[in-house]
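This note's numbering puts the first residue of the sequence shown at 214, with every later residue one more than the last.
Note that beta-carbon positions come from the ideal geometry of N, C-alpha and C, so glycine has one too.
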Amino acid sequence: MHFEDRIEAAKQLVPKLEKYKNATATYILAIPRGSLEMGYELSKTLHLPLDIVVTRKIPAPGNEEYAIGSVAPDGGTLLNEEAVRGYGISPEYINNEKDRLLVEIKRRYKMYRAPADNNIIPSFTGKTVIIIDDGIATGFTMKAAISYLRREKVKKIVVAVPVAAPDTAKEIADMVDEFICLSTPMFFAAVGQFYENFPQVSDEEAANFLKKAADLFKTSQKP
214 MHFEDRIEAA KQLVPKLEKY KNATATYILA IPRGSLEMGY ELSKTLHLPL
264 DIVVTRKIPA PGNEEYAIGS VAPDGGTLLN EEAVRGYGIS PEYINNEKDR
314 LLVEIKRRYK MYRAPADNNI IPSFTGKTVI IIDDGIATGF TMKAAISYLR
364 REKVKKIVVA VPVAAPDTAK EIADMVDEFI CLSTPMFFAA VGQFYENFPQ
414 VSDEEAANFL KKAADLFKTS QKP
């Protein structure tokens, strides 16, 4: 299965999420940056507020492209223990990277949500959350988000994605209350291969999608 772009992918997810339309205490949470474009489309169609959950991958020493784990907003970490042992990575390196990435996580929350929310990382305790992304490869980012939201004691976690690597899809499905995935192709190299158009989304564009969704939702809530 291929998608024209992120908007088409979001539209194809709508029928699977229709039961959540206009639901109370339910949020769409996008993992920045690319999925905020999808999040805006889903927020507009399902009449649900859009927010973000920001996690960051921990890179291997000397190899920024290879993730050995991930960090959540509360400092919680998930590690690929096999990779950590294989690279001979010290606890000191992991702690230093965690501190560095927490600064970046807070920067992103501030960039995307301020000034309206004064750089406060939102709480979703007791809420239903629908986490979306444009695809899942290794799953480190998504797993960190799920684990973080479990610690936040949310009521229900739904993950909805257009495409995911098969093994990762099984792992994610076991972690959440509901897993929606349109395609789990066997030959999975990168998320972008399943899109005809897969442009990078800038921080400014991502923040604008979040602002537009907030403005739209506020307007729809007026009597």
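Along the stretch 360-385, the beta strand (DSSP E) occurs as fully enclosed runs of 3 or more residues at 369-376, listed in sequence order. When rounded, the separation of the alpha-carbon atoms in F401 and C394 is 14 Å. Between the stretch 222-230 and the stretch 305-314 there are fewer than three inter-stretch CB-CB distances shorter than 8 Å, so the stretches are not counted as touching.
Taking a C-beta distance under 9 Å as the contact criterion, L263 and G252 qualify as a contact pair. The beta-bridge partner set that DSSP reports for I302 is empty. Looking at T341, E305, P286 and D346, the one whose alpha-carbon comes closest to that of Y233 is T341. Sequence-distant Cβ neighbours of I359 in its own chain, meaning closer than 8 Å and more than five residues away, are I344, I370, V372, I385, M388 and V389. Bounds of the alpha helix (DSSP H) holding V227 are R219 to L230.
Per DSSP, N235 has no beta bridge partner at all.
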